[in-house]
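First to last, the protein sequences are chains S and E. Taken in order, the first sequence gives residues 25 to 263; the numbers are from this note's numbering. Taken in order, the second sequence gives residues 65 to 319; the numbers are from this note's numbering. Where is the CB? At the ideal position from N, CA and C, for every residue including glycine. The structure appears below as C-alpha cells.
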Amino acid sequence: MITIQQLSKRFGKLQVLNEVSLALEGGQCVALIGPNGSGKTTLIKAILGMVIPQSGNIRFKGKDIVGEWEYRNEIGYMPQIGQYPENMTIGQVLDMMKDIRRVPESTLDYDLFNAFGLGGMLDKRMRTLSGGTRQKVSACLAFMFNPEVLILDEPTAGLDPISTELLKDKIIGERQKNKLILITSHVLSELDDLVSEVIYMQEGKPLFHKTLQSLKAETGTNRLSSAVARVIAIHEFVD
Amino acid sequence: MNKIIKYVIADLLRSRTILVYTAVLLVLSFSVFSMEDNADKGVVSLLNIVLFVVPLVSIIFSTVYLYNSAEFMELLVSQPLRRNVIWMSIFIGLAGAVSLAFAVGVGIPVIFYAATASGLILVLCGCALSLIFVSVALWAAVRIRDKAKGIGLAILLWLYFALLFDALVLFLLFQFSDYPIENGMVALSLLNPIDISRILILLQIDISALMGYTGAIFRSFFGTGGGVALTIAVLILWSAVPLWFSLRFFKRKDL
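This is the structure:
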C-alpha cells in the first residue's frame, strides 16, 4: 500500500533519513521502533507530506505523493503531541475535522468517542484540557473517518491504563478490517499483542523489517522486547 | 478554502487581543475627534497615531499568532488539504480580522465626525497597511523557525518602516539638498507603505501647502489619476510580494 524508495532527508548537517526503502502492506500492523532521534517521526511526517525529502520517493497505492493531497483522505494520523487551536472547544475541533474531510455522517466511527466519554466534554476549550485528554481527542480523530491507513505516533503516551486498553482493543479491531496500521512506541511490552511486523530504525536507516513471528523464532524468545534486545546485541557483536 | 478561513477568523475573534485593539482604537478616535472641533485636524491627529499603531499591531500580532498556531498548521497539513489553501486561508483570516478591527475602531468614529474624503482615505489606508504588515509578518514567520528571533525580526521590520526609513530619507535629503531631488523623493517614498499612506492622507487636507516645493511635487504626482493608480498598484504590490514569497517558502517547508 505504501512503498518507500531510497528516501533521504537532511536537517542541516544532520542526516535524519538515510536511503530508507520499505514496503508496507494492508492488513498488517507494523511497529516502528528505535532509539530517540532515529528518524521514526520524520519518516511518518514524510509519508504525510509534512516533511519534504531531499531525494527518494514515496508511493501511496502506486502513486507518487509529491504535490498530492487527496491521498491523505485515506490516512488517519495521531501525532505525538496533539495541539489544537487553544480557543476552540472539543466539539468545534471535531466539527472542523468533519468539515475538512466531508465524510457522510453515517460512515463516521464514533467507537472511541463513546468509549472515552468525550460526548460529555464537547464544550471544554482545548487549552483547559490535560495532556491525556488531548491524546484522546487525537485518537478519536484518527479513527473517526474510517481511514485505510492509520499512523499512530506514540499513541499511548500520556493515556491512563484504562484508555490505553480501550485504544489497544480498537487497534486490534481495525487490524482485522485489512487496514494498514503503523505504530511507533517506546513501550515494547505494549506492542506484543498488537503488531504483526517490526521495523527497527537506527541512525536514519531501517536495521531490520521482519514479521513478529520470524523475529521471535529467530531469537528463540517469546516477547518482543527481549527479541529486539537479542537482535541488537547480535548486531553490535558483528560490528 | 472558506472552511479554514471561517475557523481562523472564529479563533482570532475569540482572542482578546483583537477585541482590545478594536476598543483602544475606538476610544482613541472618539477622544481625538471630540477634542478637535475641526474634522480635518482630527484626521491629522489620528493619522499620526494610526500610522504608528496599525503597522505595529498588525505585524506583531500576526507573528505571535503564527508562532502560536504552528501546531494547528501542522494538524492542517496532515489533513487532506492543499498547502496553498492553508496558507492563503491563514492570510485572509488574519488580514480580515486585523483590518475589520481597524475598520470598526476607526471607521465608526470617522463616519460620525469626519465623513470627508480625508477620513475615507484614512480608513482605506489603515486597512491597506493592515494587509501589508500581515503579509510581511507571514514572510518573517515562515522564514524563521525560532519564535523569539521571529518576533525580534518583526519588531525590527516595524522599526525600519516606522522610524529608520524616515531617518534615512532625511539623511539623504540633507546630503543631496543642493541637487534637484524632488522626483527622487517621490520614488523613494514609494519604498515605504507608511510614507505612501501619510502622503496620500496629507494631500487630502490642505496642509500640503506647508510642505513647500516638495509638497507641490507630491501634489502634482499623487494628485493626478495616474499617480493615484500607481500608488494603489504599489500598495497592492506591497501586500502581494511578501505574501507570494512566504507562500513559495511554506510549500516547501518541513513542519
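Taking a contact as a CB-CB distance under 8 Å, the pair E:V170 and E:V114 counts as one, their CB atoms being some 7 Å apart. Burial state of E:R147 is buried, judged by a 10 Å Cβ sphere holding 16 or more other Cβ atoms. In the DSSP annotation of this structure, the continuous segment of the alpha helix (DSSP H) that includes E:Y71 starts and ends at 66-78. Annotation: E:E100 has no Cβ neighbours in chain S at a cutoff of 8 Å; minimum Cβ distance is about 38 Å.
In the DSSP assignment, the residues bridged to S:Y224 are S:I57, S:F232.
Annotation: E:D242 is outside any alpha helix (DSSP H) and is labelled neither H nor E by DSSP. Between the alpha carbons of E:F286 and E:V162 lies a distance of about 27 Å.
With contacts defined as CB atoms closer than 9 Å, S:L239 and S:V222 qualify as a contacting pair. Against chain E, a Cβ distance below 8 Å from S:V75 picks out D318, L319. With a beta-carbon spacing of about 7 Å, E:L76 and E:L158 fall inside the 8 Å limit used to define contacts.
Interface flag for E:S79 against chain S is set, since a Cβ pair is found closer than 9 Å. In the three-state reduction of the DSSP assignment, S:Q104 falls in the coil class. Comparing alpha-carbon positions, the option among S:N97, S:K160, S:S130, S:K229 lying closest to S:G141 turns out to be S:K160.
The continuous stretches of beta strand (DSSP E) do not include S:F140, and DSSP gives it neither H nor E.
When Cβ-Cβ separations below 9 Å define contact, E:A74 makes contact with chain S. In the DSSP annotation of this structure, S:E214 is not part of any beta strand (DSSP E); the continuous alpha helix (DSSP H) holding it starts and ends at 212-215. For S:K33, the enclosing beta strand (DSSP E) starts and ends at 26-35. Residue ranges of uninterrupted alpha helix (DSSP H) with 4 or more members, entirely inside the segment 144-214 of chain E and ordered along the chain, are 147-177, 181-207. Residue range 185-199 is occupied by the alpha helix (DSSP H) that includes S:T188. Three or more Cβ pairs closer than 8 Å define a contact, and the segment 153-173 of chain S meets that threshold against the segment 125-143 of chain S. By the beta-carbon neighbour count (other beta carbons within 10 angstroms, threshold 16), E:L223 is exposed. Within the segment 108-167 of chain S, the complete alpha helix (DSSP H) segments at least 4 residues long are 114-125, 135-139, listed from N- to C-terminus. Proximity of S:R247 to chain E, defined by a Cβ-Cβ separation below 9 Å, is not satisfied. Taking S:G58 as the centre and dropping the five residues before and after it, the same chain places the C-beta of K64, Y224, M225, Q226 closer than 7 Å to its C-beta, in chain order.
Cα atoms of E:A204 and S:F232: separation of roughly 42 Å, rounded to the nearest angstrom. E:I124 places its beta carbon less than 9 Å from that of E:A201. Rounded to the nearest whole angstrom, the CA to CA distance from E:V168 to S:M150 is 29 Å.
Residue range 38-48 is occupied by the beta strand (DSSP E) that includes S:L41. In this chain, the alpha helix (DSSP H) harbouring S:F261 covers 248-262. It is roughly 22 Å from the alpha-carbon of S:D216 to the alpha-carbon of S:H259. Cα atoms of S:P77 and S:R34: separation of roughly 8 Å, rounded to the nearest angstrom. S:T27 has its alpha-carbon roughly 6 Å from the corresponding atom of S:L48. As a beta-bridge residue in DSSP terms, S:K87 pairs with S:F84. Using a Cβ-Cβ cut-off of 7 Å, S:I26 is close to nothing in chain E; its nearest Cβ partner there is about 15 Å away.
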